[in-house]
């Protein structure tokens, strides 16, 4: 696989707002290095959601990058801003806790992610290839552009590990 | 000074042409009183500062942006100070206004803290400018001390009960109005929400 890093994110995405994690973080860093997308690193997923919501209000397309456990951490902010106030955001998460994940601490992440996405009415699409990832983000932008719902793209651990191999 | 007088003093200094994101209770009451049509009132304790930072980062630097929230809201979302410090070069001029009555007025009118809080040290820990005022005549100096990116603490005493809401918009309608204001004043594009009629 030879990834075109600068084209992994759709060009409409102007800024990444991230809480780094070991699966998604190095990939995001490589994309930021290769492209003109701006990068803001925050200390908590609720901050990422709120900052991205504010950017969206002012016309900037942001992409939140975080581990899927970040949905739990940001649950109240998601409920307030994206549901109650209907300010849409676009998020990309690494899929921790999917079938076969060897880490005990990740075992709840996947079904909590699914449950929270259902609870908040977050349309979700999984991506297991770079083409699927780019297309899912493009679809997410279209969806959030309706200003009706936020969108969640979930990168499989398999895709992210493959990208890691290419990084090293 | 009370909350409305404190924000009124700030309004007199900054004028009408600002962008405001406000939090629950007195903060929104005072902000809407002095900046109607410029304020996004959020029912989101602790999220006011980062939302305002996102707005400020996306707008031209000529847009003076404020977050206006109570001390309880800022304490609820203290991570916002880290975000403010992180984004300081992207958001100037930006002022995080804290309307400090020392109470959770909207949450049963109980104390917001049971410990002495050194606000100046708190702001300094994040490398942020800081100013404080407990009377309207001191607001100008406090705003200057808060520098171009910093925290402005307005110490207030509200002796009268908070009046019922005087505005009619709900949370989604408020967002709609705020978007329209940003489009009109700052040229923020609102894309069509559909591709087919």
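Chains as they are written, first to last, in the numbering used here: chain A, 1 to 168; chain B, 1001 to 1197.
Don't be surprised by glycine CBs; every beta carbon is placed ideally from N, CA and C.
For residue 1191/B, the nearest beta carbon of chain A is closer than 7 Å to its own beta carbon. Secondary structure of residue 1076/B (DSSP, three-state): helix. At least one CB atom of chain A sits nearer than 7 Å to the CB of residue 1172/B.
Within the stretch 1154 to 1186 of chain B, contact with chain A at the beta-carbon level (separation under 7 Å) is assigned to 1171, 1172, 1175, 1178, 1179 and 1182. 7 Å or more divides the Cβ of residue 1065/B from the Cβ of residue 1082/B. Between residue 60/A and residue 1058/B, the beta carbon gap of about 4 Å places them in contact (Cβ cut-off 8 Å).
For residue 1052/B, the chain A residues whose Cβ falls inside 8 Å of its Cβ are 54, in order along the chain.
With a cutoff of 7 Å on beta-carbon distance, residue 1174/B and residue 1041/B are scored as near each other.
Separation of the CB atoms of residue 1131/B and residue 1111/B is rounded to 24 Å, and the pair is thereby denied contact status at 8 Å. Taking a cut-off of 8 Å on C-beta distances, the stretch 1016 to 1034 of chain B does not touch the stretch 156 to 163 of chain A, as fewer than three cross pairs fall below it. Within 10 angstroms of the beta-carbon of residue 1094/B lie 16 or more other beta-carbons, which makes it buried.
Sequence-distant partners of residue 1100/B (beyond 5 residues in either direction) whose C-beta falls short of 7 Å from its own C-beta, in its chain, are 1071, 1153, 1154, 1155 and 1156. Considering only 1109/B, 1036/B and 1122/B, the residue with the shortest C-alpha distance to residue 1161/B is 1109/B.
Residue state for residue 47/A is assigned as helix, using DSSP reduced to three classes. Ranked by how close their Cα comes to the Cα of residue 1062/B, the residues 1159/B, 1178/B and 1185/B have 1185/B in first place.
Within its own chain, the residues whose Cβ lies closer than 8 Å to the Cβ of residue 1077/B, once the five positions on either side in sequence are excluded, are 1045, 1046, 1047, 1048, 1049 and 1050, listed in chain order. According to the DSSP assignment, residue 1190/B belongs to no beta strand (DSSP E), since it is labelled neither H nor E. When 7 Å is used as the limit between beta carbons, residue 147/A is near these residues of chain B: 1193, in chain order. The Cβ atoms of residue 63/A and residue 13/A sit closer than 7 Å to each other.
Closer than 7 Å to the CB of residue 1083/B there is at least one CB belonging to chain A.
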